[in-house]
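Undergrad: In the numbering used here, the protein residues as written are 990 to 1330. One structure, pasted below without further comment.
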Amino acid sequence: MPQRLELMGVPGSPYTRKMLALLRYRHIPYSVIWAGYRVPPEGYPRPKVKLLPTVFFPETDGSLTPAVDSTPIIRRLEKDYAGRAALPVDPELQFYCDLIEDYADEWLTKPMFHYRWYHAPDRANAGPMIAYWSVNTSPRQDAEAFSDQITKTQFERLYVVGSNEVTARTIEDSYIRFLRILDVLLQIRGYVLGARPSAADFAIYGQLTQLGVIEPTSAAIMARDFPRVRAWVDLVEDLSGLKSNGAEWFSPEEARAALGPLLSEIGRVYIPFLLANAAAAERSDGSLSAEIDGRTWTQPTFPYQVKCLEALRNSVASLPESPKQAVAAVLALAGCAGLSL
Ligand SMILES: N[C@@H](CCC(=O)N[C@@H](CS)C(=O)NCC(=O)O)C(=O)O
């Protein structure tokens, strides 16, 4: 029996939910360690960077190797486990999967963090949830104290994702536009890249498990105006029973037609942000200021997202000639030309 993969995470972590749904779909045996304080249990190795989820890979000598960052972990699992792949084989579709997964992980997480901590009713909801996700048996007094502390800390960290009075409208408008685009896209074949789920679907699902379920303000918008998307979140929770036989990906031609609106949305908000972030890092500026969606966007420079831009550019550059030309045309049309050097 293959040893079960062990994953440490919390229900309130969009990336934890992304990974759990992917493991279920791919029939990869796993155990989840609910660890609120991101501290591995006794006897487990600590990852270099404390991030949730942390996946513990079993080594042949019985030891465990901790890994963080869902994107490279998913690509390792594609190699380690056969069948029910979550990455398309076609190089052009694989690029769209890389781009949309990154947009969900790095931009959609801005509305997720914003809607959790910006508005008072959402803050009042999130604090206690995090307290009881961490220690569900916690005496009420302790939970309230932890809730107050984490609420204060996270509220004061809103600027890290760029959430402030000026950008609040930019963030909230981008969330609603995304839901409208996803609602239309899902009608075509049920998932973002065809009739079977991809890493991009699980990344989107991860953020929507919070935006559409936990945060009252964003969840109310999704339930009222986009019930299809709200229902989709529950379906993707567990796709272990989904029969993948014959369920096909879009052809490159179908993908170009279907993904236009989503790629334009990525070109409208995420790519301008990525380029401004990389330029600020290049200048060793501690913060970036850019125009996004007609409003000023200011936030601290984010080194990890400089790597995201590099990875996306490498993903374009490593495409075979003919898909590369097709992708370059699609990116230019969508305002994402900054990805193809
Ligand atoms: N790129 C990482 C992001 C993981 C991440 O940021 N996780 C959050 C919880 S959702 C975390 O651990 N944040 C650490 C912190 O808030 O300091 C992934 O895809 O796994």
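In this text, a Cβ means the ideal position worked out from N, Cα and C, and glycines have one as well.
Mind checking whether the beta-carbon of SER1059 lies closer than 8 Å to any heavy atom of ligand 1?
TA: Indeed, a heavy atom of ligand 1 lies less than 8 Å from the Cβ.
Undergrad: In the structure shown, what three-state DSSP assignment does PHE1046 receive?
TA: Strand, per DSSP.
Undergrad: Span of the alpha helix (DSSP H) holding VAL1225?
TA: That run of the alpha helix (DSSP H) goes 1216–1225.
Undergrad: Restricting to Cα atoms, I'd like to know which of SER1207, ASP1094 and CYS1325 is closest to SER1002.
TA: Minimum Cα distance to SER1002 is reached at ASP1094.
Undergrad: Using CA atoms only, rank isn't needed, just tell me which of ASP1282, THR1287 and PRO1055 is closest to SER1276.
TA: Nearest of ASP1282, THR1287 and PRO1055 to SER1276, Cα basis: THR1287.
Undergrad: Between TRP1106 and LEU1147, which are expected to be in contact by the criterion C-beta below 8 Å, what is the C-beta distance as a whole number of angstroms?
TA: Sure, about 6 Å apart at Cβ, within 8 Å.
Undergrad: Cβ of PRO1042 versus every heavy atom of ligand 1: is any distance shorter than 8 Å?
TA: PRO1042 Cβ: within cutoff of ligand 1.
Undergrad: On a Cα-Cα basis, can you pick out the residue from ILE1017, LEU1009, ALA1075 and PHE1084 that is closest to ARG1302?
TA: Measuring from the Cα of ARG1302, the nearest candidate turns out to be PHE1084.
Undergrad: Excluding the 5 residues preceding and the 5 following ILE1170 in the sequence, name in chain order all residues of the same chain whose CB lies nearer than 8 Å to its CB.
TA: Once the five neighbours on either side are set aside, the close Cβ partners of ILE1170 are PRO1250, LEU1251 and GLU1254.
Undergrad: Among all the DSSP beta bridges, which residues are the ones paired with PRO1289?
TA: In DSSP, PRO1289 forms a bridge with SER1276.
Undergrad: For ASP1162, I'd like the list of residues in its chain whose CB is within less than 8 Å of its CB, leaving aside the five on either flank, ordered along the chain.
TA: ASP1282, listed in sequence order.
Undergrad: Could you check if GLY1072 is buried or exposed, using at least 16 other CB atoms within 10 Å of its CB as the buried criterion?
TA: Exposed, since its Cβ has fewer than 16 Cβ neighbours within 10 Å.
Undergrad: With distances taken from CA atoms, which of LEU1082, SER1207, VAL1057 and ILE1193 is nearest GLY1034?
TA: Note that residue 1034 is Pro in the sequence shown, not Gly. Per the Cα distances, VAL1057.
Undergrad: Answer yes or no: the CB of PRO1003 versus the heavy atoms of ligand 1, is any distance below 8 Å?
TA: Flag set: Cβ of PRO1003 near ligand 1.
Undergrad: Looking at the secondary structure, which residues open and close the beta strand (DSSP E) in which LEU1053 lies?
TA: Element bounds for LEU1053: 1053–1057.
Undergrad: Evaluate contact between the stretch 1314–1326 and the stretch 1190–1201, counting only Cβ atoms and requiring at least three cross-stretch pairs below 8 Å.
TA: Touching, no, given that fewer than three Cβ pairs across the two stretches are closer than 8 Å.
Undergrad: Go ahead and label LEU1330 buried or exposed: buried means 16 or more other beta carbons lie within 10 angstroms of its beta carbon, across all protein chains shown.
TA: Looking at its Cβ environment, which holds fewer than 16 other Cβ atoms inside 10 Å, LEU1330 is exposed.
Undergrad: What does DSSP give as the partner residue(s) for VAL1021 in the beta ladder?
TA: In DSSP, VAL1021 forms a bridge with LEU996.
Undergrad: Alpha helix (DSSP H) containing ALA1315: first to last residue?
TA: That run of the alpha helix (DSSP H) goes 1310–1322.
Undergrad: Quick one: what does DSSP say GLY1249 is sitting in, helix, strand or coil?
TA: If DSSP states are grouped into helix, strand and coil, GLY1249 belongs with the helices.
Undergrad: Run through DSSP, which three-state label would TYR1180 get?
TA: TYR1180: strand per DSSP, three-state reduction.
Undergrad: Can you tell me whether HIS1016 is buried or exposed, with buried defined as 16 or more other CB within 10 angstroms of its CB?
TA: It counts as exposed.
Undergrad: Kindly indicate the opening and closing residues of the alpha helix (DSSP H) around ILE1193.
TA: Counting along the chain, the alpha helix (DSSP H) containing ILE1193 begins and ends at 1188–1200.
Undergrad: On a Cα-Cα basis, can you pick out the residue from TYR1164, GLN1176 and LEU1231 that is closest to LEU1197?
TA: Ranking the options by Cα distance to LEU1197, first place goes to TYR1164.
Undergrad: So TRP1122 packs on PRO1000, CB below 8 Å; how close in whole Å?
TA: Right, the Cβ-Cβ distance comes to about 5 Å (below 8 Å), so this counts as a contact.
Undergrad: Three-state secondary structure (DSSP) at ILE1119?
TA: Here ILE1119 sits in helix by DSSP.
Undergrad: What first and last residue would you give for the alpha helix (DSSP H) that runs through ALA1134?
TA: 1129–1145 is the extent of the alpha helix (DSSP H) around ALA1134.
Undergrad: To the nearest angstrom, how far is it from the Cα of TYR1013 to the Cα of LYS1007?
TA: According to the sequence as given, residue 1013 is Arg; it is not Tyr. Going from the Cα of ARG1013 to the Cα of LYS1007 covers about 10 Å.
Undergrad: Taking SER1311 as the reference, which of THR1098, GLU1271, PRO1241 and TRP1096 has the closest Cα?
TA: If we check each option's Cα against that of SER1311, PRO1241 comes out closest.
Undergrad: Under 9 Å, do VAL1181 and LYS1099 count as touching if we go by C-beta distance?
TA: No, the pair does not count as a contact, with Cβ atoms beyond the cut-off.
Undergrad: Run through the DSSP bridge pairs and tell me what ARG1284 is partnered with.
TA: Looking at the DSSP assignment, ARG1284 forms a beta bridge with ILE1281.
Undergrad: Would you kindly check if the distance between the Cβ of ASP1131 and the Cβ of PRO988 is under 9 Å?
TA: Lying before the first or after the last residue shown, residue 988 is absent from the chain, which here runs from 990 to 1330.
Undergrad: To the nearest angstrom, how far is it from the Cα of ASP1079 to the Cα of ASP1050?
TA: Cα to Cα, ASP1079 sits roughly 36 Å from ASP1050.
Undergrad: For ligand 1, any of its heavy atoms closer than 8 Å to the Cβ of ASP957?
TA: Absent from the structure is residue 957, since the part of the chain shown begins at 990 and ends at 1330.
Undergrad: Say yes only if the C-beta of GLY1214 is nearer than 8 Å to one or more non-hydrogen atoms of ligand 1, and no if none qualify.
TA: A small correction: the amino acid at residue 1214 is Asp; Gly does not occupy that position in the sequence shown. Flag unset: Cβ of ASP1214 not near ligand 1.
Undergrad: Whole-angstrom Cβ separation of SER1059 and PRO1077, contact assumed at under 8 Å?
TA: The pair is not a contact, with the Cβ atoms about 18 Å apart (cut-off 8 Å).
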